[in-house]
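Below is one structure; the comments refer to it alone.
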Amino acid sequence: MNAKHMKVLVLAALSLIVLSGLLIFYMNKVSPTQKEVRTIEKQITQDIKLLETLQKQIEEQQNVKVDTVALQQKVPVQALVDQLLLDIRALEKSSLNTVQNIGVSYSKTTMTELFQASGVSLEAVNSSPKENSTNESIASNSKETEEGVATMETEAQASPSPNNASVQPEIYKVVLGMTVKTPTFADLEKFILGLENLKRVIKVDTLNLTEEVDTYSLSISTFYVPQMEGVVEELLPASYPLPSGKINPFNVNKPIINTPGS
Numbered sequence: 166m167n168a169k170h171m172k173v174l175v176l177a178a179l180s181l182i183v184l185s186g187l188l189i190f191y192m193n194k195v196s197p198t199q200k201e202v203r204t205i206e207k208q209i210t211q212d213i214k215l216l217e218t219l220q221k222q223i224e225e226q227q228n229v230k231v232d233t234v235a236l237q238q239k240v241p242v243q244a245l246v247d248q249l250l251l252d253i254r255a256l257e258k259s260s261l262n263t264v265q266n267i268g269v270s271y272s273k274t275t276m277t278e279l280f281q282a283s284g285v286s287l288e289a290v291n292s293s294p295k296e297n298s299t300n301e302s303i304a305s306n307s308k309e310t311e312e313g314v315a316t317m318e319t320e321a322q323a324s325p326s327p328n329n330a331s332v333q334p335e336i337y338k339v340v341l342g343m344t345v346k347t348p349t350f351a352d353l354e355k356f357i358l359g360l361e362n363l364k365r366v367i368k369v370d371t372l373n374l375t376e377e378v379d380t381y382s383l384s385i386s387t388f389y390v391p392q393m394e395g396v397v398e399e400l401l402p403a404s405y406p407l408p409s410g411k412i413n414p415f416n417v418n419k420p421i422i423n424t425p426g427s
């Protein structure tokens, strides 16, 4: 064996040693690191999917909350007569009318009357998708109110069918009878249109003449659903006017003067 063959063997041995070292380094360092990277990437993918699911659930909860808030502007869970009286007072000023007296009464009513007052047809709510597509142009006029009433039915787990009254939510009606003095009939019409354009569902029941020419007897109805206790915390508070800043004459701290013998 000459020197050339020895060099070849030495180079081959060195190459084998280097390759073996690289293989050992790969097996001990690189391969575990790659496995760890793949594990981390898989975990990140799962976390991203979980985050997307949580975000979707949060958005759905927010949408439900918005829906219930919008619903309570139409059909609240409490009578909220104070807010209604404040709205009537504002309309009274803007339409130049004078409400001389108001009487309030409460009674239980049906889902059918609520649907009629809100301008939603029971047939449109109970119809099949095919029928809904046929009546889409009609239903679009009352879409917002229909969605609100449908949300109320879903939360109360009630059927919209009037024959299934045993599982329907309890609907209560507030009737306000008032005597309105108006300069002209156009002003009275403006007042009534203002009532009908309130966010809350308002139904004008009767409008009658009185013995006086400029005075009318008006009766309106509104509704509330006290059974929906789960959304009471989302009930919008009444917007009472700010204090006028007047001085209360009875709230005066007078100095106490001790008299002899007291």
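Here the sequence shown is numbered in my numbering, starting from 166 and rising by one per residue. All C-beta atoms, glycine included, are put in the ideal place defined by N, C-alpha and C.
Just to confirm the assignment, what range does the beta strand (DSSP E) spanning residue i have?
i      : result
Gly359 : No beta strand (DSSP E) holds Gly359; the alpha helix (DSSP H) holding it covers Phe350 to Glu361.
Ile189 : Ile189 -> not in any beta strand (DSSP E); alpha helix (DSSP H) instead, spanning Ala168 to Phe190.
Leu249 : No beta strand (DSSP E) contains Leu249, which is instead part of the alpha helix (DSSP H) from Val246 to Ser259.
Just verifying my parser: in three-state terms, what is the DSSP assignment at residue i?
i      : result
Leu374 : strand
Lys338 : strand
Thr274 : strand
Phe415 : coil
Tyr262 : At residue 262 the sequence reads Asn, which differs from the Tyr that was named. Residue state, collapsed to three classes: coil.
Val369 : strand
Ser298 : Per-residue confidence for Ser298 stands at a pLDDT of 44, beneath the threshold of 50, marking its modelled position as unreliable; no derived number is given.
Leu407 : coil
Pro197 : helix
Val202 : helix
Val240 : coil
Asn328 : The predicted model places Asn328 with a pLDDT of 43, which falls under 50 and marks its position as unreliable, so this point remains unresolved.
Distance, Cα to Cα, residue i vs residue j?
i      : j      : result
Ile205 : Thr198 : 10 Å
Val369 : Leu256 : 15 Å
Phe190 : Ala177 : 20 Å
Lys258 : Pro348 : 12 Å
Leu219 : Glu201 : 26 Å
Leu251 : Ser270 : 17 Å
Ala282 : Ile209 : 53 Å
Leu181 : Lys207 : 36 Å
Ile213 : Val195 : 27 Å
Ser272 : Leu407 : 32 Å
Phe356 : Thr275 : 27 Å
Val246 : Arg365 : 11 Å
Asn266 : Val234 : 31 Å
List the DSSP bridge partners of residue i.
i      : result
Thr380 : Lys346
Val269 : Leu341
Phe388 : Lys338
Near residue i, which residues of its chain fall below 6 Å by C-beta distance, leaving aside the five closest residues on each side in sequence?
i      : result
Gly268 : Gly342
Ser386 : Lys338, Val340, Lys368 and Asp370
Leaving out five residues before and five after residue i in sequence, what residues of the same chain have Cβ atoms less than 7 Å from its Cβ?
i      : result
Leu372 : Tyr381 and Leu383
Glu361 : Ile367 and Val369
Ile253 : Val264
Report all residues from its chain with a CB closer than 8 Å to the CB of residue i; omit the five preceding and five following residues, and keep chain order.
i      : result
Pro391 : Val242, Gln243, Glu335 and Tyr337
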